[in-house]
Structures are given as C-alpha cells and as structure tokens.
C-alpha cells in the first residue's frame, strides 16, 4: 500500500515545492530511471498510467526547467471515445521518453511519447517535441524544429 501511495505522489510532484533531491527520490521510487547530477525544477508533470513510469529514462547531467510536461501515455480516459479503441488505433498513445546525457529541457516544454532527446541537445522554452532530437542540436517551437547546432 505504501508503495502505491509513493508512486501516486511521485506523479504529482510538480504541484509542490519539494527540493530537487526529494523530487528525484520520488521519481526513482515510482520506477523512473534517473542518472547522476540531474536537476528537475518545480512544476514538473509526468503524464502516464500507473506502472508506465519505467518508460522514462533520464540520463546523467540533464536539466529540466520549470513546468515541463513529459507524456508517456495519453487516452480519452472515461470518454465514449474509449469504446472506439479497437476501430481507431490513434485513440490510445503509449511510449517511452529517453533524455540522454547533458540535455537541457527549457521551461514549459512538452515532450510527447516515443521521443529520444540526444546527448547535449537543447529544447527551447515552450516547445512541443513531436520528433526525436538529434545530439547537440537546439530545437524550438510548436512543433519543435531544429534551429541550429549547439556548436554554432
């Protein structure tokens, strides 16, 4: 029972001003794989079904800005659209998100399922990431597009 409560709490950590180490501790308890020296700011939201937290991988030295949303699962919940699930495959979306080492996710960004953020990549504030981000590139916008490389 306690494990269930901690998992539930870890999914809503963005609503409280917990210290970074405690946010990371709660996410690890929920099954998220997190590397060393990761920073996750206030307002972080992980949208997922219970048990799918293990589909999130955050590698070493990643920085996640305030109010970032990572979406692992998305479906119409209790809507009547759920009855059409067998007819329309798009109704339920599930996937993984991998944020590789040294990446930086800007404030207010949204990352959709089945996305990999490459090593050293930067996601500009307010971006909606719908495709993989190559290593050492800067993406921004809705949908996020490559703006330049980190080395420019």
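In our numbering, the protein residues as written are 21 to 172.
In this text, a Cβ means the ideal position worked out from N, Cα and C, and glycines have one as well.
Nearest to residue i (by Cα), restricted to the options the options
i	options	result
residue 58	49, 74, 171, 85	85
residue 165	172, 157, 39	157
residue 151	87, 47, 169, 132	132
residue 128	60, 154, 121	60
residue 121	130, 94, 115, 153	153
residue 94	56, 118, 67, 119	67
residue 74	160, 118, 56	118
residue 114	76, 81, 80	76
residue 63	155, 88, 44, 143	88
Nearest-angstrom beta carbon gap, residue j and residue i [assumed within contact, 8 Å]
i	j	result
residue 145	residue 123	With 8 Å as the limit, residue 145 and residue 123 do not qualify as a contact, their Cβ atoms being about 14 Å apart.
residue 134	residue 147	Rounded, the Cβ-Cβ distance is 16 Å, inconsistent with contact.
residue 159	residue 167	6 Å
CA-to-CA distance, residue j to residue i, given in whole angstroms
i	j	result
residue 65	residue 90	6 Å
residue 42	residue 83	15 Å
residue 138	residue 172	17 Å
residue 78	residue 125	11 Å
residue 40	residue 54	13 Å
residue 130	residue 149	6 Å
residue 69	residue 92	8 Å
residue 51	residue 116	13 Å
residue 81	residue 56	6 Å
residue 155	residue 143	11 Å
residue 44	residue 136	20 Å
residue 26	residue 48	Its pLDDT being 47, under 50, residue 26 is placed unreliably by the model, and the measurement read from it follows with that caveat. If I take the Cα positions, the gap works out to 10 Å.
Beta carbon proximity, residue i to chain C, threshold 7 Å
i	result
residue 66	Of the protein chains in this structure there is only one, and it is not chain C.
In chain order, each beta strand (DSSP E) run of at least 3 residues that lies wholly inside the stretch 113-160: 117-119, 135-137, 157-160
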